[in-house]
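Residue numbers (the working numbering), protein chains in the order written: chain A, 29 to 119; chain B, 142 to 523. One structure is given here, and the rest of the page talks about it.
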Amino acid sequence: MTDKKANVICRCEEIEIDEIRKWIDAGYTNFEELKRILRVGMGPCQGRGCRDIILREISKSTGKPVAELLPGVIRPPVKPVKAKLLAEDNE
Amino acid sequence: MTIKTADVIVVGGGVHGASTTYELAKAGVKVVLFEKEYLGSGGSGRSAAGLRQHFGTETNLHMAKYNLQVFPTLEEELDTGMSLEFTQWGYMWVAYADSVLAQLQKNVDLQKSLDIPSVMMAPDEVKARWPYLCMDGIIGVAFCGDDGHINPQTLTLSYGHAARRFGATVKTYCPVVKLLAENGKIKGVVTEDGEEWHAPKVLLSSGPWSTPLAATVGVDLPVYPERHNLLITEPVEVFDCPMVLCLDDGAYFKQCPNGTFMFGRDDQDEPHTTETTNSAKFLEGVTTSVLKRIPALSGIRVVRQWSGPYDNTPDHNAIIDWTPVEGLLVNCGWSGHGLQFGPSGGRVCKELLMGEKPFVDLYRFRLSRFAENDLFFEPAFI
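Here you go:
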């Protein structure tokens, strides 16, 4: 059985809230750093599921409003695209 | 205004700045690191992070060998809770022309003389060992099975995290706007928010941003940025695909330990900028080139692309040297192979800053080689 308390925030990389809070408490209070330590926002959804929740956690910890926090970057191609579709036009 | 002081100031929180800060803090030096954003936000974290011992000069090989001695136990040593994702799935240089193959053979002969386990392999041997690679037109490869991959983000962040544990001050989102010198000696730095820090020794390790900072104290560095692009795919089953570097059009690819694939391709027409903008031309070119070599990946999805700057010098080798300003050391200009030199770069800079003899002869890395027209030619650069 899985742990009843497991509270997965980033479903792409299966990262739980406790893990995120641990690194915020260690001083990593921006999304860019948490992304690089935990891979949150690096999966196929690029943070659509976890970004807002993580920014709220950072806000709670630092006292800064969410609007003042750096939200991190969403990279092209935004939605995953099959490699052969990108390559075709060039052939 | 209160002026703060340290024994050593490090400007730039890429892997070399972070590893030097770690080494100094471990040795008990009062060190402060300034980074304009987060650690690794410049070239380091954006690197393809290949680890290799395929070089063609003794200086680079001695340092590369040291790097590969450090990496296997570095996660344990830094002990931060971050995974460095170190793997040794090998690194392959693929030749499509006789002159290229002859140079690879020369490099491998030199590597073997230094006890590096590199080998030359014929096309049929490549086909037998990696049947999924489609290497039409290749005439041979150089391969080193001890080479591999590391996570460049956690590597840089871990060095900084461990440095803090040893008492270093690591200031992120704190850009240095100028260096301060007086009577030919370094004095300190000024940050964007107007803080002044003084130290008798300063290390400038800011990649392509080193050039404008050095200019603030009259030091001319021949280091300029050049944009390079990468992409990462969704994860697939892990089959330990090594780093494959194709020396016809500069395309390369490898599997990362979480199953994703990284594709890259060098392009002479890329802009000389530190702007991390993206290019659709890259996506088309790199997927076309890589899918020819590994057709099994045609259905894989591309998740993200990004870019980052190389810090190029005229001979594509680093500058590790004291500048004409007394007390100002530079370590930059790695030209695209610098991430993997974090361990050795950190060690030699710590040795120089503490007045010790560096463990390798750094003569080839000297700054004056450009003025003397005595360039450091490395046959194995990408």
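No residue lacks a Cβ here, since even glycine has one placed at the ideal position from N, Cα and C.
Item                                                                                                                                                                            : Value
Compare the beta carbon distance of Y237/B and D389/B with 7 Å and say whether it is the shorter of the two.                                                                    : yes
Starting from T310/B, follow its DSSP beta bridges and name the residues at the other end.                                                                                      : V173/B
Can you list, in chain order, the residues of the segment 436-459 of chain B whose Cβ is nearer than 7 Å to any Cβ on chain A?                                                  : L438, S439, G440, I441, R442, V443, V444, R445, Q446 and W447
According to the neighbour-count rule (16 or more other Cβ atoms, all chains shown, within 10 Å of its Cβ), is D239/B buried or exposed?                                        : exposed
Go through the segment 291-359 of chain B residue by residue and report every complete run of the alpha helix (DSSP H) that reaches 4 residues or more, in order.               : 293-306 and 351-356
With a threshold of 7 Å on Cβ separation, who are the neighbours of S347/B within its own chain once the five nearest residues in sequence on each side are excluded?           : V152, G153, L354 and C473
Locate the beta strand (DSSP E) running through M403/B, then write down its first and last residues.                                                                            : F402 to R406
Taking Cβ positions only, does V109/A come closer than 7 Å to chain E?                                                                                                          : Annotation note: the requested chain E is absent from the structure, which comprises protein chains A and B.
Between the C-alpha atoms of A269/B and K319/B, what's the straight-line distance to the nearest angstrom?                                                                      : 56 Å
Determine, using beta-carbon pairs with one atom in the segment 358-371 of chain B and one in the segment 473-486 of chain B, whether at least three such pairs fall under 8 Å. : yes
Tell me which residues of the segment 282-295 of chain B have at least one Cβ-Cβ distance to chain A shorter than 7 Å, keeping chain order.                                     : Q294 and T295
I'd like to know whether the C-beta of K33/A is nearer than 7 Å to at least one C-beta of chain B.                                                                              : no
Alpha carbon to alpha carbon, how far is L372/B from M233/B?                                                                                                                    : 19 Å
So which residues of chain A does E226/B contact, with C-beta pairs closer than 7 Å?                                                                                            : Correct list: empty, because the minimum Cβ distance to chain A is about 10 Å.
Would you mind telling me which residues of chain B sit closer than 7 Å to I37/A, beta carbon to beta carbon, in chain order?                                                   : The contacting residues do not exist; I37/A stays about 18 Å from chain B at best.
In the DSSP output, which residue or residues are listed as bridge partners for A392/B?                                                                                         : R406/B
Is it true that the CB of E96/A sits closer than 7 Å to the CB of G71/A?                                                                                                        : no
The beta strand (DSSP E) that contains F284/B, what's its start and end?                                                                                                        : G281 to C285
Counting contacts by CB-CB distance shorter than 7 Å, is Y179/B in contact with chain A?                                                                                        : yes
Determine which residues share a DSSP beta bridge with A236/B and list them.                                                                                                    : G281/B
Which one of N58/A, R49/A, A54/A and N35/A has the shortest CA to CA distance from L98/A?                                                                                       : N58/A
Output the distance between the C-alpha atoms of K326/B and L480/B, rounded to the nearest integer angstrom.                                                                    : 30 Å
In chain order, which alpha helix (DSSP H) runs of at least 4 residues are fully inside the segment 435-514 of chain B?                                                         : 483-494
In chain B, what lies closer than 8 Å to R103/A by C-beta?                                                                                                                      : N419, R445, Q446 and W447
Closest to T82/B by C-alpha separation, out of G222/B, F212/B and I460/B, would be which residue?                                                                               : A query on residue 82/B cannot be resolved here, the shown segment of chain B reaching from 142 to 523 and no further.
R406/B and G426/B - do their beta-carbons sit closer together than 7 Å?                                                                                                         : yes
Is it a yes or a no for the segment 158-177 of chain B touching the segment 480-493 of chain B, going by three-plus beta-carbon pairs under 8 Å?                                : yes
Please classify D452/B as buried or exposed, where buried requires at least 16 neighbouring CB atoms within 10 angstroms.                                                       : buried
Shorter than 7 Å from the beta carbon of E425/B to some beta carbon of chain A?                                                                                                 : yes
Around the Cβ of R84/A, are there at least 16 other Cβ atoms within 10 angstroms (buried) or fewer (exposed)?                                                                   : exposed
Within 10 angstroms of the Cβ of N118/A, are there 16 or more other Cβ atoms? Answer buried if so, exposed if not.                                                              : With a pLDDT of only 46 at N118/A, under 50, the local geometry of the prediction cannot be trusted, and no value is derived from it.
Using a Cβ cut-off of 7 Å (strictly closer), state whether E375/B contacts chain A.                                                                                             : yes
Quick one: list the residues of chain B neighbouring I45/A, beta-carbon separation under 7 Å, in chain order.                                                                   : Result: empty, since nearest Cβ-Cβ is about 17 Å, beyond 7 Å.
Can you find a C-beta in chain B that's less than 7 Å from the C-beta of L114/A?                                                                                                : yes
Can you list the residues of chain A that M495/B reaches, using a CB-CB cut of under 8 Å?                                                                                       : By Cβ distance, chain A contributes nothing, its closest Cβ being about 28 Å from M495/B, past 8 Å.
Scan the segment 184-200 of chain B for residues whose Cβ lies nearer than 7 Å to a Cβ of chain A and list them as they occur along the chain.                                  : G186
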